[in-house]
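Numbering (our numbering), first residue to last: 1045 to 1556.
Okay, here's the thing in structure tokens:
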């Protein structure tokens, strides 16, 4: 491990030089992105400041790493950290030397950034309640960490066509989105035996696709063989020429689903012949707490008398002072664990009822309804790829809903992406928005595509229906009127989506 760390540090030294060459305009924006992505760093839109993505493995943050992140916040005068939709932590508005210093210090403390972007396997997603979820067949955490460590060790040697995303979900709720990832695993019990359902070649962004269900169940002990087979298939069959069609989801479209699955089987057979991986035996979930959830953000765990509190900072932007309070709280609660979700949330686990109530009282501004837990990517001006200010829209919606005095329980979580790249997974949201520019007369206006009726679960994952395009400035009012309609009709968005009253309201706001 020490030699690997030294190798990573040597990469940072070279990257620091590349960063200064970029600032001196000696290399282009595209050239720098090609270098920086694999290091987990991106230039922001001003081309002077930078974002670094700390690869918290599958959203697990130890108390030591939480305090380390807090130390970076203090040292570099950061007002907030961003909790991402891939269970990582991003620090923004840093200069290149600060970024490199954080990378080097992180390596010393086993907090890495390598492979956090670019054409590499990304952070392995994991259900945030894995290990404490009442409905789970077994704890999938060891397998997510095993795959994540495997990727981390191989990241410098990978030459993939594009990024690859792997997910592990605890149960049918599919809270890690296994059914829309390049590779997804879901824990099930087959006649009392722990097994995985598996999906292949799914993904969001341009040309999204629900993943292809694998026809057989997978033994948890063999997970790495299946993962390596997918890596080998991607290298052999992925498109290295056309970046727009380089993700795994385009391979079965080109080959056909049956041929794709046959191709996967051939790679799996070869991997099993040539590789020998450590096998982790699953441990079936035991015991069941009699406790009930205290509320929507205080969840009763499988373990008797213990709870998980869900904290959702607006837009995933966790203020420095809130991070300080959380760090101090978990430091004095010995059993407390922290995990991040794909909804930009922090789960504080293994709390007694009294501890859970104390934390909820301390963070009352985060104890929110579904609409107040609206999901937004970081957007412009921080994101180099962003088109619009997704977080501005998120805050505008929340302010309008509050001002209107709506009963917020009817409105669902809204998922907002600042561009078509779908960091907020807008295509599978109950209500989703994706940023774009539109021509209105002779002016270019900020606008968002509206998607309605999407869903992610082990039983039914499907894309929402594109309704059309709305001006960004009018969306908060649309959500207010939709909330009033849902109250009046006493229905959810999914229930009302086919009703004429919903169509009439929506068409009133569409510009195309």
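Glycine included, every Cβ here is placed at the ideal spot set by N, Cα and C.
Every value quoted in this text rests on a predicted model; they were computed, and no experiment measured them.
When C-alpha distances from residue 1168 are compared across 1397, 1478, 1384, the shortest belongs to 1384. By the C-beta density criterion, residue 1136 is buried, having at least 16 other C-beta atoms within 10 angstroms. Residues 1341, 1389, 1391 of the same chain have their beta carbon placed closer than 6 Å to that of residue 1354, with the five preceding and five following residues left out of the count. Secondary structure note for residue 1136: its beta strand (DSSP E) is the uninterrupted segment 1133-1138. In this chain, residue 1380 is not harboured by any beta strand (DSSP E), its DSSP state being neither H nor E. Taking the C-beta atoms as reference points, residue 1253 is found no nearer than 7 Å to residue 1243. Secondary structure note for residue 1483: its beta strand (DSSP E) is the uninterrupted segment 1475-1484.
Judged by DSSP in its simplified three-state form, residue 1411 adopts coil rather than helix or strand. Following the DSSP letters along the chain, one finds residue 1287 in no beta strand (DSSP E), marked with neither H nor E.
Non-local C-beta neighbours of residue 1171 in its own chain, meaning closer than 6 Å and more than five positions away in sequence, comprise 1213, 1214, 1219, 1220, ordered along the chain. Residue 1449 and residue 1528 have their C-alpha atoms some 10 Å from each other. Two segments are said to touch when three or more pairs of C-beta atoms, one from each, lie closer than 8 Å; by this definition the region 1122-1134 does not touch the region 1178-1193. Taking 8 Å as the upper bound for CB-CB distance, residue 1514 and residue 1495 are not in contact here, some 11 Å apart. Unbroken alpha helix (DSSP H) runs of no fewer than 4 residues, entirely contained in the region 1085-1128, are found at 1107-1119, following chain order. In this structure, residue 1182 lies near residue 1327, with their beta-carbon atoms less than 7 Å apart.
Counting the other Cβ atoms within 10 Å of the Cβ of residue 1474 gives 16 or more, which makes it buried. Annotation: the continuous beta strand (DSSP E) that includes residue 1342 extends over 1342-1344.
Taking 7 Å as the cut-off, the beta carbon of residue 1094 is found closer than this to the beta carbon of residue 1140.
In this structure, 1264 is the residue among 1553, 1264, 1489, 1445 with its C-alpha nearest to the C-alpha of residue 1233. For residue 1084, the number of other beta carbons within 10 angstroms of its own is at least 16, and it is reported as buried. Rounded to whole angstroms, the separation of the alpha carbons of residue 1413 and residue 1453 is 6 Å. The continuous beta strand (DSSP E) containing residue 1513 extends over residues 1509-1515. Separation of the CB atoms of residue 1498 and residue 1472 is rounded to 4 Å, and the pair is thereby assigned contact status at 8 Å.
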